[in-house]
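Participant:
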Amino acid sequence: GESVGLHLPTLSVQEGDNSIINCAYSNSASDYFIWYKQESGKGPQFIIDIRSNMDKRQGQRVTVLLNKTVKHLSLQIAATQPGDSAVYFCADYGGSQGNLIFGKGTKLSVKP
Amino acid sequence: GAGVSQSPSNKVTEKGKDVELRCDPISGHTALYWYRQSLGQGLEFLIYFQGNSAPDKSGLPSDRFSAERTGGSVSTLTIQRTQQEDSAVYLCASRYRGSFNSPLHFGNGTRLTVT
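Protein chains in written order, with our numbering: chain A, 15 to 126; chain B, -9 to 105.
As structure tokens, this is what we get:
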């Protein structure tokens, strides 16, 4: 079956360093990927998305990289700040426009 | 603008009681989703409404769970005869479903505790 999973459940970085959060997916038909940030007590918040016809997309301090050959995507956060501390999820629709499938998440902790 | 609104934000109920959770999606969004999130876990899909089509109920864990969406807008998730394992955060999300995929926009959830 299709799945979206994460390589590391937790990540601890020093404030100011760059963070990289990885995600693997299994459905080769997946053509659209989303990264969400979830802070304690809140719902997931959209960060950035990427379509399968792109390898890279940049936002404000965030970059998503997509490697379709190995079915892997990553979220890079530049100059990580304490406010970036949260759980990060990758998600995709599995090639359809129906149910959005989430991985278990990576908890990012930023040390001052 | 206004985001997805869910109520109540917290609900404590006794085992065996019924509960209703409400979701007000973003105006104009055609698709509405319910997910469940247990402590420290990812999001588990429950049900999905798209326009006037029959809902995708494939994620509902048992027949004690049901949902409806009235007038293509507000949705209510009902859990009958609640069990302790139903304790979780129930998240609602909506999006405008057009020709291309788009992200879901989530509310802050209802934290359900069954005692």
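Built from N, CA and C at the ideal position, the CB exists for glycine as well. None of these values were measured; they are calculated from a predicted model.
Ordered along the chain, which non-local residues of its own chain (more than five positions away) have a Cβ less than 7 Å from that of B/Arg54?
Facilitator: Sequence index remark: in the second sequence, residue 54 of chain B carries index 64 (1-based). For B/Arg54, where only same-chain residues beyond five positions count, the Cβ hits under 7 Å are Ile69, Gln70 and Arg71.
Participant: Please report the straight-line C-alpha distance between B/Gly30 and A/Ser54, rounded to a whole angstrom.
Facilitator: Walking along the second sequence from the start, residue 30 of chain B turns up at place 40. Walking along the first sequence from the start, residue 54 of chain A turns up at place 40. Their backbone Cα atoms lie some 10 Å apart in a straight line.
Participant: Looking at the C-beta of A/Gly119, does it have a partner C-beta in chain B at a distance below 8 Å?
Facilitator: Position 105 of the first sequence, counting from 1, holds the residue named residue 119 of chain A. Cβ-Cβ to chain B under 8 Å: yes for A/Gly119.
Participant: Beta-carbon of B/Leu67 versus every beta-carbon of chain A: anything under 8 Å?
Facilitator: Residue mapping note: residue 67 of chain B aligns to position 77 of the second sequence, counting from 1. So no, B/Leu67 is outside the interface.
Participant: Answer yes or no: do B/Ala57 and B/Gln40 have a C-beta to C-beta separation smaller than 8 Å?
Facilitator: By 1-based counting over the second sequence, the position of residue 57 of chain B is 67. By 1-based counting over the second sequence, the position of residue 40 of chain B is 50. For B/Ala57 and B/Gln40, no; Cβs fall outside 8 Å.
Participant: Give me the chain A residues within the contact set of B/Pro93, using Cβ-Cβ distance strictly less than 7 Å, ordered along the chain.
Facilitator: Residue numbering aside, residue 93 of chain B sits at position 103 when the second sequence is read from its first letter. Simply Ile48, Phe60 and Asp63.
Participant: Leaving aside the five residues before and after A/Phe47 along the sequence, list all residues of the same chain whose C-beta is less than 6 Å from its C-beta, in chain order.
Facilitator: Here the question's residue 47 of chain A lines up with position 33 in the first sequence. Contacts found: Ile64, Leu87 and Asp106.
Participant: Mind pulling the chain B residues with CB within less than 7 Å of A/Gly112?
Facilitator: Position 98 of the first sequence, counted from the first residue, corresponds to residue 112 of chain A. The answer, in chain order, is Tyr38 and Asp46.
Participant: Give a yes or no on whether the minimum CB-CB distance between A/Gly108 and chain B is below 8 Å.
Facilitator: Residue 108 of chain A sits at position 94 when you count from the first residue of the first sequence. A/Gly108 does not count as touching chain B.
Participant: In the structure shown, what three-state DSSP assignment does A/Thr83 receive?
Facilitator: What you label residue 83 of chain A is simply residue 69 of the first sequence in a count that begins at 1. In this structure, A/Thr83 counts as coil in the three-state DSSP scheme.
Participant: Out of B/Lys47, B/Tyr38 and B/Lys1, point me to the one whose CA is closest to B/Tyr86's CA.
Facilitator: Counting from one through the second sequence, the residue named residue 86 of chain B turns up at place 96. When each option's Cα is compared against that of B/Tyr86, the closest is B/Tyr38.
Participant: May I ask you to list the residues that DSSP assigns as paired with B/His95?
Facilitator: Working through the second sequence from its first residue, we reach residue 95 of chain B at position 105. Looking at the DSSP assignment, B/His95 forms a beta bridge with B/Ser84.
Participant: Let's see if you can read the secondary structure: which residues bound the beta strand (DSSP E) around A/Gln59?
Facilitator: For the purposes of this step, residue 59 of chain A is taken as the residue at position 45 of the first sequence. Residues Gln59 to Arg65.
Participant: Going by DSSP, what residue range makes up the beta strand (DSSP E) through B/Ile37?
Facilitator: In the second sequence, the residue the question calls residue 37 of chain B occupies position 47. Segment Leu33 to Gln40, the beta strand (DSSP E) holding B/Ile37.
Participant: Counting Cβ pairs, one atom from each stretch, are 3 or more of them under 8 Å apart for the segment 88 to 98 of chain B and the segment 43 to 52 of chain B?
Facilitator: Not touching, per the Cβ criterion.
Participant: What do you get for B/Thr103, buried or exposed, if any count of 16 or more other CB atoms within 10 angstroms of its CB means buried?
Facilitator: Along the second sequence, read from residue 1 onward, the residue named residue 103 of chain B stands at position 113. So B/Thr103 counts as exposed.
Participant: State the DSSP-derived secondary structure class of B/Gln(-4), mapped to helix, strand or coil.
Facilitator: Within the second sequence, the letter at position 6 stands for residue -4 of chain B. Strand, per DSSP.
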